[in-house]
Amino acid sequence: MTALLLLIPVALFLGGLGLVAFLWSLKSGQYDDLEGASRRILHDESLDDEDEEDSQDRPL
Amino acid sequence: MTLSHAQTVLAQDADSWAGQVRRTTGGLEEMEFLVPSMHCGGCMRTIENGLVKVEGIKAARTNLSVRRVAVSWEQGVQTVEGVQAALESLGFDATPFDPRLAMGSEKARSQQLLRAIAISGFAAANVMLLSVSVWAGFFSDMDTITRDLFHWLSALIALPAVVYAGRPFFYSAASALKARRMNMDVPISLAVILASAASLAETIRGAEHVYFDASVTLLFFLLIGRYLDMAMRGRAGEAARNLLALRAIAATKIMADGSRVSVPVDVLRPDDRVFVAPGMRIPADGTVVEGASDVDTSLLSGESVPEQVTQHSQVFAGTLNLSGPLQIVVTAAKDDTVLSEIARLMEAAEQGRAGFVRLADRLSRVYAPVVHILAGSTFLVWLLIGAGWHQALMTAVAVLIITCPCALALAVPVVQVVASGRLLRHGILLKSADGLERMAKVDCVVFDKTGTLTDGTASLVNGDDIRPEDMALAAALGSQSHHPLALAVAKAGAGLAHPELGAVAEVPGFGMEARLDGKTVRLGRREWVGASDVVDHGGPELWLAVADAAPVRFMFKDRLRKDAVEVVAHLQRLGIETRLLSGDRKAAVEHVASQLKISDWRAEARPQEKIECLENLKAQGRTILMVGDGLNDAPALRAAHVSMSPGSAADISQRAADFVFQGDNLGPVADGIWTARRARSLVFQNFGVAFTYNAVAIPLAALGYVTPLIAAVAMSSSSLIVTVNALRLRRSNKDMAKKDEA
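From first to last, the protein sequence lines stand for chains A and B. Sequence positions in the first sequence follow this note's numbering and run 3 to 62. Sequence positions in the second sequence follow this note's numbering and run 4 to 745.
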């Protein structure tokens, strides 16, 4: 039973970590455009990269 | 559009958008633009990458969900028009989005709900973990000290979570009570608060049963339902707001000194002079003072052939200038404008709609008193038969918990969210939150003709009789114009090799003229090419003349939408009455009606008459779906029980309609009705599940058999069942026609 004294705080801490991560992501606007975000992951360039359009067209 | 912006004096425009542009630190200005044609990841990339390369633009961030892009630029270096022109040169029509339309508070509320969901979800998971251990402990040998420790831990997690996550319900319940009303949130709040308080008391006493898990899971499920409902309303509201923003297209005003300034349409006043470039919508009712052109009035009158305008002609807001630049003076007669008459009619029609109460609201009126009576009488009966107040109270709390409307609160929102998502995938935008419920009851569909049953654009009917060289020549000429008939010719002759033409000129109001091998060629009106003695074929036409040779006639007809016949037949098979109500000429309407086998039709109906016609049908007990696109349909769209309009419709009609559908097909009408009916039957099934659950669980709870374990299992499973049932709407699909007949 003494294991519980360790395990319960650990479980709560990990769950709390997830909760904090969610609240942070919500606050930083990551849920504002769910539809757009699902498309954005397909683009792998940064805006400064001038050659991005060529690299995009190249077959993988 | 771009042309007119180039001619605009840019220096003066900052004032006209004042109040809409947000100034930020560091000399930056920020504004949102609505980009309706943005629809994929590629568009987002093109816009973001394209805009930041423009001089003065610091950052651009697209939001695909709401079809808007937020742009910030250096003050003085770039302007609203400059950004708009940049977007247009990237191939996207853009409208400045008035921030007054953005609903900041709504977004804040939905974020608060999400936070509450997260916290109650966290608490529910952890408290459940502890509770399951306690329940397992009943069957093994958990000692009371460990059990009490677990109860205390549960209290520690659950109580703050209830206080935080329960606020949306508590506030709503409090304001309802203050106004001496009842709503669904009163019994919910009562159940959650009583369950938590009683559990805390039990924990202090070191008793066996606590309900912390029930109160947090309850909140978790209810919050999900609340959030889904809000998300659906939010999406509908967003669609409505985007349409509202579309109207605020800039007008090019001509100042006293002759300079041209781009201003928002709503600042135009009578006697202002306005410039309208070809291809632009006319911003206000007025009189032409300079220039000649053809004006596409199809949205206003349902007439598909453009009207010829010259000096002193009246033109109306919302019509499209096709061929030549126009200068108009805005007319003073404000209350006599076509638009304001339509607005008046719409306002009047609106009143007929107020009586509708959503299903969920009707249910909650019954629900709240029933729950209170059940819990109260349980408490009293247990007291009367001699149980202690403690036992009586705990049993009453169990009744409150078990009757809490988890399944009910999820039953409607989940179905609605799934249904509106399904509609969206089929190109149908739900604009009003109760549109689906209204749609499900429809037993009579009234169609407008031009632009609704037909695709609103003329197409060539005698293409086979015309020699290929004439066709090629006409197509070459036609492709240089905005005129719909010319465009139809260009489309018909697109595959042919076009001859080389020198100096093509558009003669506004008449047609196109060019030189070919030293000869003059013309494509345009019959009088203009000298063919006025030929018999009229009853529809729009264009003539091609090469020098002195006999002119060639191109005849056109407004064609039915591809699937119009099937859709109308399909509706009739479903037992839905179909009617045709048009402002167009009798012969044209009769022809379309006979093609579609619609026996009830009416032609030459004015907006007022359209409303009267709908009122008559209503009086006969019909529930009407109105499908229309023109400005003249807008009042009827509001008067009907529910309404749809195609995406090509006048802005005002799109705003009036409950649904807007995209694409060239009429199929969405049948699809919308089908989805709405299916959604309603799923909602009723879900009510059935919830009712059955209550019928079994309430007696058990009242008799005192419900332990926290049973409550948890019962609540979770009924919520799961309704959710899974709602999700069936996602899969059920493709062969909807077959299913309907089955």
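Glycine residues also receive a C-beta, built at the ideal position from the N, C-alpha and C atoms.
When beta bridges are read from the DSSP output, C409 (chain B) appears opposite no residue.
Between P171 (chain B) and R208 (chain B), the beta carbon gap of about 31 Å keeps them out of contact (Cβ cut-off 8 Å). Under the Cβ criterion (8 Å, minimum of three pairs), the region 490 to 505 of chain B does not count as touching the region 589 to 607 of chain B. Using a Cβ-Cβ cut-off of 8 Å, A5 (chain A) does not count as an interface residue toward chain B, since no Cβ of chain B sits closer than that to its own. Using a Cβ-Cβ cut-off of 8 Å, R564 (chain B) does not count as an interface residue toward chain A, since no Cβ of chain A sits closer than that to its own. T65 (chain B) belongs to the set of residues whose beta carbon lies under 8 Å from a beta carbon in chain A.
Excluding its 5 nearest sequence neighbours in each direction, R150 (chain B) has C-beta neighbours in its own chain below 7 Å: V137 and G140, listed in chain order. One finds G17, G18, G20 and L21 in chain A with Cβ atoms closer than 8 Å to the Cβ of F125 (chain B), taken in chain order.
Ranking B:Y167, B:V166 and B:N186 by CA distance to the CA of S175 (chain B) puts B:N186 first. Partner residues in a beta bridge of E618 (chain B), as assigned by DSSP, do not exist. The straight-line gap separating the alpha-carbon atoms of S722 (chain B) and A210 (chain B) is approximately 29 Å. Rounded to the nearest angstrom, the Cβ distance from M629 (chain B) to S646 (chain B) is 4 Å, consistent with a contact under 8 Å.
With fewer than 16 other Cβ atoms inside 10 Å of its own Cβ, D551 (chain B) counts as exposed. Contact note: L25 (chain A) reaches chain B through R118 and A121, using a C-beta cutoff of 8 Å and chain order. A contact between stretches requires three or more CB pairs, one per stretch, nearer than 8 Å, and the region 188 to 202 of chain B fails this requirement with the region 251 to 267 of chain B.
Sequence-ordered contacts of the region 440 to 459 of chain B with chain A are nonexistent [C-beta pairs closer than 9 Å]. For L14 (chain A), the chain B residues whose C-beta falls within less than 8 Å of its own C-beta are N129 and I160, listed in chain order. Inter-residue distance for L426 (chain B) and V165 (chain B) is about 36 Å (C-alpha atoms, whole angstroms). At a cut-off of 8 Å between C-beta atoms, L9 (chain A) does not count as an interface residue with respect to chain B. An exposed status is given to R368 (chain B), since fewer than 16 other beta-carbon atoms sit within 10 Å of its beta-carbon. By the criterion of a C-beta distance shorter than 7 Å, I160 (chain B) is surrounded in its chain by A126, N129 and V130, once the five residues flanking it on both sides are discounted.
Taking a cut-off of 8 Å on C-beta distances, the region 443 to 450 of chain B does not touch the region 463 to 480 of chain B, as fewer than three cross pairs fall below it. Between L413 (chain B) and S423 (chain B), the C-beta gap is not smaller than 8 Å, which leaves the two residues out of contact. Judged by DSSP in its simplified three-state form, S646 (chain B) adopts strand. At a beta-carbon threshold of 9 Å, the residues of chain A lying near L156 (chain B) are I10 and L14, ordered along the chain. Proximity of G44 (chain B) to chain A, defined by a Cβ-Cβ separation below 8 Å, is satisfied. Nothing from the region 651 to 679 of chain B brings a Cβ to less than 9 Å from some Cβ of chain A.
Close partners of S68 (chain B) in chain A (Cβ separation under 7 Å): D35, L36, E37 and G38.
Judged by beta-carbon spacing, F95 (chain B) lies beyond the 8 Å limit of G430 (chain B), meaning their Cβ atoms are not closer than that value.
Counting of Cβ neighbours within 10 angstroms places T695 (chain B) among the exposed residues, the total staying below 16.
Interface with chain A (8 Å Cβ-Cβ cutoff): Q81 (chain B) is excluded. Given a length threshold of 3 residues, each whole run of the beta strand (DSSP E) inside the region 42 to 100 of chain B is given here in chain order: 60 to 66, 71 to 77 and 98 to 100. DSSP lists B:T27 and B:E77 as the beta-bridge partner residues of L31 (chain B). Spatial neighbours of L732 (chain B) in its own chain (CB-CB distance under 8 Å, excluding positions within 5 residues in sequence) are listed in chain order as V418, V421, A422, R425, T678, R681, A682 and L685. Annotated three-state conformation of S367 (chain B) is helix, per DSSP. Burial is judged here by how many other beta carbons sit within 10 angstroms of a residue's own beta carbon; E58 (chain B) has fewer than 16 and is exposed.
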